[in-house]
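Residue numbers (our numbering), protein chains in the order written: chain A, 3 to 251; chain B, 3 to 126.
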């Protein structure tokens, strides 16, 4: 009975939610006909600040303070993940002599890695730097840049990544990215426009040099997000490839 | 017949499907994936609300100022949602690794609270 309880509760709750939820959704105005008073004002404000990408204008300009919180959540989650997995590594090292797992990589994988690495770096940089003009921005570009590091990991070997990590470069980048966002915000206070408010000339809309501080914020976010992703995935990979020497051989 | 309600229904369906997976889950990694599915239903709902009939992406790089566009506010919220979702998933997976290591099981039904565990140890 005890084992069935979650299922029974789940079915009852799900049924109740389905009935009430679908009724509530049915009362919404049909998709495509919803009025957008906030959307219209957000677009007007984006043009006021010469930002072509209205989504980035909302995320970094109008809701810049919320995005600061979002960045700090990501920072906290990355720190938490690294901490949670760090203790395990220490344990495994105590338990048995270990090595980093089988280094057999197919030549084809290696080749694809080498070919895609520069392309990915270029696309990542483009997505970050053109975030205020075209779909993209710091979060998206940062993830692409992080995946470039994993291509390097596939193409070369894990020791390259290991060296990067042990050099403390990633930790520093992670911290610097988060600090950069706050610093750009504080510069607004010094310049007299207010925390995270635009303090640079906004330039011409659709120009690479437009949108004031938004490209700078995008770069700092990209650094933070990219470093966070590499750090976290590296920690998980470490768990996967850390094999006791006896089992490996 | 109009299908105006269909995007909302899809969001509701994805939400319930994720909940079903959460309830019947026998593996913590599966549980975490189901939680991301539940969360992705909110992306669908937000994007469905932001969509405007005949509208395009709210990016004015190559369209005129007065083109009809989707609501950028809900799209920015979806972006925030995705980032927070990724952070939560990473943390939960790290916890799963810890649970597997310390309790020797990743089946939510076999995991007991620490209290129960210590009570049984004292009894046994």
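Yeah, the Cβ is synthetic: ideal placement off N, Cα and C, and Gly gets one too. Given the structure is predicted, the values throughout are model-derived calculations rather than measurements.
### Cα-Cα separation, residue 56 of chain B to residue 64 of chain A
Going by the C-alpha atoms only, they are around 26 Å apart.
Notebook entry, point to check: Would you call residue 70 of chain B buried or exposed, if buried means 16 or more other Cβ atoms sit within 10 Å of its Cβ?
Noted result: By the neighbour-count rule (16 or more Cβ atoms within 10 Å), residue 70 of chain B is not buried but exposed.
Hey, residue 196 of chain A and residue 225 of chain A: beta-carbon distance below 8 Å or not?
Between residue 196 of chain A and residue 225 of chain A, the C-beta spacing is not below 8 Å.
Let me see if you follow: with CB-CB separation under 8 Å, is residue 220 of chain A close to chain E or not? This model lacks chain E altogether; the protein chains it does include are A and B.
- Item | According to DSSP, residues forming a beta bridge with residue 220 of chain A | None; residue 220 of chain A has no bridge partner.
Exercise for review: Could you work out which residues of chain B lie near residue 50 of chain A, taking near to mean beta carbons separated by less than 9 Å?
Suggested key: The contacting residues do not exist; residue 50 of chain A stays about 12 Å from chain B at best.
Name the chain B residues that come within less than 8 Å of residue 241 of chain A, Cβ to Cβ?
99, listed in chain order.
Using 8 Å as the threshold, is the C-beta distance between residue 62 of chain A and residue 227 of chain A below it?
One thing to note: residue 62 of chain A has its Cβ no nearer than 8 Å to the Cβ of residue 227 of chain A.
Worksheet item: How would you call residue 38 of chain A, buried or exposed, if buried means at least 16 neighbouring beta carbons within 10 angstroms?
Response: Buried.
Practice item. Taking the CB atoms as reference points, tell me whether residue 44 of chain A and residue 60 of chain A lie closer together than 8 Å. Key: Yes.
Worksheet entry | Which of helix, strand or coil DSSP assigns to residue 212 of chain A | For residue 212 of chain A, the secondary structure class from DSSP, reduced to helix, strand or coil, is strand.
Using beta carbons (cut-off 8 Å, strictly below), is residue 77 of chain B in contact with chain A? Judged by the 8 Å Cβ criterion, residue 77 of chain B is in contact with chain A.
Original post:
Rounded C-beta distance between residue 99 of chain B and residue 29 of chain B? I'm assuming under 8 Å.
Top reply: Actually they are not in contact, since the Cβ atoms of residue 99 of chain B and residue 29 of chain B sit about 13 Å apart, beyond 8 Å.
message = Using CA atoms only, rank isn't needed, just tell me which of A:81, A:82, A:78, A:48 is closest to residue 66 of chain A.
response = Out of A:81, A:82, A:78, A:48, A:48 has the C-alpha closest to the C-alpha of residue 66 of chain A.
Original post:
Is it a yes or a no for the region 121–133 of chain A touching the region 216–225 of chain A, going by three-plus beta-carbon pairs under 8 Å?
Top reply: Flag = yes, the region 121–133 of chain A and the region 216–225 of chain A touch.
Margin query: Quick check on the DSSP output: the alpha helix (DSSP H) that includes residue 186 of chain A runs from which residue to which?
Written below: 171–193 is the span of the alpha helix (DSSP H), which, as asked, contains residue 186 of chain A.
At which residues does the alpha helix (DSSP H) containing residue 15 of chain B begin and terminate?
Residues 8–26.
- With respect to the alpha helix (DSSP H) encompassing residue 112 of chain A, which residues constitute its N-terminal and C-terminal limits? Run containing residue 112 of chain A: 109–131, per the alpha helix (DSSP H) assignment.
Q: With distances taken Cα to Cα, identify the nearest neighbour of residue 26 of chain A among B:7, B:24, B:38, B:35.
A: For residue 26 of chain A, the nearest C-alpha among the options comes from B:7.
Can you give me the C-alpha to C-alpha distance between residue 155 of chain A and residue 50 of chain A, rounded to a whole angstrom? If you take the alpha carbons of residue 155 of chain A and residue 50 of chain A, they lie about 44 Å apart.
When we look at the beta-carbon of residue 110 of chain A and count the other beta-carbons within 10 Å, is it buried (16 or more) or exposed? Exposed.
- Below-8 Å beta-carbon distance, residue 16 of chain B vs any chain A residue: No, its Cβ sits nowhere closer than 8 Å to a Cβ of chain A.
Leaving out the 5 sequence neighbours to the left and right, which residues in its chain are closer than 7 Å to residue 92 of chain B when beta-carbon positions are compared? Nothing meets the Cβ criterion.
Q. Counting pairs of beta carbons, one from the region 142–156 of chain A and one from the region 187–201 of chain A, are three or more of them closer than 8 Å?
A. The region 142–156 of chain A vs the region 187–201 of chain A: no contact.
With DSSP collapsed to three states, give me the class of residue 54 of chain B. Looking at residue 54 of chain B - three-state DSSP - the assignment turns out to be strand.
Q) Would you call residue 64 of chain B buried or exposed, if buried means 16 or more other Cβ atoms sit within 10 Å of its Cβ? A) Burial check for residue 64 of chain B: the Cβ neighbour count within 10 Å stays below 16, so the residue is exposed.
Where residue 116 of chain A and residue 172 of chain A are concerned, what is the direct C-alpha to C-alpha distance, given to the nearest angstrom? Taking the straight line joining both Cα atoms gives about 22 Å.
Q: Can you grab the Cα-Cα spacing for the pair residue 186 of chain A / residue 203 of chain A, in whole Å?
A: So the alpha carbons of these two residues sit roughly 14 Å apart.
Pull out every residue of the region 29–62 of chain B whose Cβ sits closer than 9 Å to any Cβ of chain A, in chain order. The region 29–62 of chain B vs chain A, Cβ under 9 Å: 47, 50, 51, 52, 53, 54, 55, 56, 57, 59, 60, 61, 62.
**Prompt:** Between which two residues does the alpha helix (DSSP H) harbouring residue 82 of chain B extend?
**Reply:** That run of the alpha helix (DSSP H) goes 74–105.
Do you know how far the Cα of residue 10 of chain A is from the Cα of residue 20 of chain B? Each residue's alpha carbon lies about 16 Å from the other.
Roughly how many angstroms lie between the CA atoms of residue 78 of chain A and residue 31 of chain B, to the nearest whole one? If you take the alpha carbons of residue 78 of chain A and residue 31 of chain B, they lie about 21 Å apart.
* Can you tell me which of A:230, A:209, A:236 puts its alpha carbon nearest to the alpha carbon of residue 52 of chain A? => Selected option, being the one with the closest Cα: A:209.
Would DSSP call residue 251 of chain A helix, strand or coil? Because residue 251 of chain A carries a pLDDT of 37, less than 50, the predicted location of this residue cannot be relied on, and no value is offered for it.
TODO: Report back the beta-carbon spacing between residue 80 of chain A and residue 191 of chain A to the nearest angstrom; my notes put them in contact at under 8 Å.
DONE: Wrong, their Cβ atoms sit about 27 Å apart, outside the cutoff.
### Query
Can you round the beta-carbon distance between residue 53 of chain B and residue 34 of chain A to whole angstroms, since I take them to be within the 8 Å contact cut?
About 6 Å separates the two Cβ atoms, so the contact holds.
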